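Just so we're aligned: the sequence shown equals residues 124 to 314 in our numbering. Cβ atoms here follow ideal geometry from the backbone N, Cα and C, with glycine treated the same way. Remember, it's a predicted structure, so these values are computed and weren't measured experimentally.
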Amino acid sequence: MRELDDIITAKNIDAAAGEAAATAAEGCPYCGGSGFVLQADGTAKRCVCYAEQRLLEAQRRAGLQPMLRRMTFASFELACYAPGLQAPGGRGQSYYELARAALEKTKSLCRAVCRGERPRGLLLFGQVGSGKTHLAAAAANALLGRGHDVCFLVVPDFLAALARRRTQGRSCCAGPNGPKCWCWTIWARII
Ligand SMILES: [Zn+2]
124 MRELDDIITA KNIDAAAGEA AATAAEGCPY CGGSGFVLQA DGTAKRCVCY
174 AEQRLLEAQR RAGLQPMLRR MTFASFELAC YAPGLQAPGG RGQSYYELAR
224 AALEKTKSLC RAVCRGERPR GLLLFGQVGS GKTHLAAAAA NALLGRGHDV
274 CFLVVPDFLA ALARRRTQGR SCCAGPNGPK CWCWTIWARI I
């Protein structure tokens, strides 16, 4: 799995992210870039900028582009969805109801992960601009903020990586008995 991750992550690396993190620390009004602040009793504690830098680095490793790093559940604007307008194919539900359901399902998925469960996943689908990417990024950011590992992939990049692996005749975890990795299974289903 490591090699596939490397392939995909290398494409998404935001070279400026590391520099931005360092710059943020240097400009910190609380610690001046040291990462520690002195308390009244003379002991030192981590500055708030430390957690921010850690999150930024985790977002970069996860492959989240800068614009996606700002997306949260709180910034998902349900007010943008028409409550009185029925969505085509929405089984009688309005755009607002569908968006609210998607938001709650995505939050629920994150809560399950945070409880240590292994949910099967969540498939969000809809028109361009319906908020799928926002919810996916919000979930990624929420989980990263709680210390979980995340790999954020867009489908074309994911499929391209799988195709490269397939062309090379290797799987991510090929063993003596041949490939038996999940990416081959997915690939087979796609084909
Ligand atoms: Zn600081």
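Proximal residues to G249 (C-beta, below 7 Å), its chain only, five neighbours per side dropped: Cβ neighbours of G249 within its own chain (closer than 7 Å, five residues either side excluded): K255.
Nearest-angstrom Cα separation, counted from Q216 out to L187: 32 Å
Three-way DSSP call (helix, strand, coil) for S217 in this model: strand
Pair within 8 Å by beta-carbon distance, L267 and L178: Yes, Cβ-Cβ distance for L267 and L178 is below 8 Å.
Supposed contact pair A261 and L195 - C-beta distance, whole angstroms, cut 8 Å: A small correction: the amino acid at residue 195 is Thr; Leu does not occupy that position in the sequence shown. The beta carbons of T195 and A261 sit about 5 Å from each other, so the pair counts as a contact at 8 Å.
R238, DSSP secondary structure in three states: coil
Burial state of L201, where buried means 16 or more other Cβ atoms lie within 10 Å: So L201 counts as exposed.
Span of the alpha helix (DSSP H), counted from its first residue to its last, around A283: V278 to T290
Close beta carbons around A144, own chain, < 7 Å, minus the five adjacent residues each side: Confidence at A144 is low in this model, with a pLDDT of 48, below 50, so its placement is unreliable and no value can be given for it.
D272 to E227 span [Cα, whole Å]: 22 Å
Residues of its chain near V236, where Cβ-Cβ distance is below 8 Å and the 5 sequence neighbours each way are ignored: P242, L266 and H271
Nearest residue (CA-CA) to N374, options L221, A185, L208 and T290: The structure shown does not extend to residue 374, since the chain spans only 124 to 314, so no value can be given for it.
Outcome for H257 when other beta-carbon atoms lying within 10 angstroms are tallied against a minimum of 16: With at least 16 other beta carbons inside 10 angstroms of its own, H257 counts as buried.
Rounded straight-line distance, which links the Cα of L221 to that of L245: 14 Å
Any non-hydrogen atom of ligand 1 closer than 7 Å to Y218 Cβ: no
Local Cβ density within 10 Å of C172, reported as buried at 16 or more and exposed below that: Taking all protein chains in view, the Cβ of C172 is crowded by 16 or more other Cβ atoms within 10 Å, so the residue is classified as buried.
Beta-carbon proximity of V219 to P211, cut-off 8 Å: According to the sequence provided, residue 219 is Tyr. The question's Val does not apply to it. No, the pair does not count as a contact, with Cβ atoms beyond the cut-off.
V251 - DSSP class collapsed to helix/strand/coil: coil
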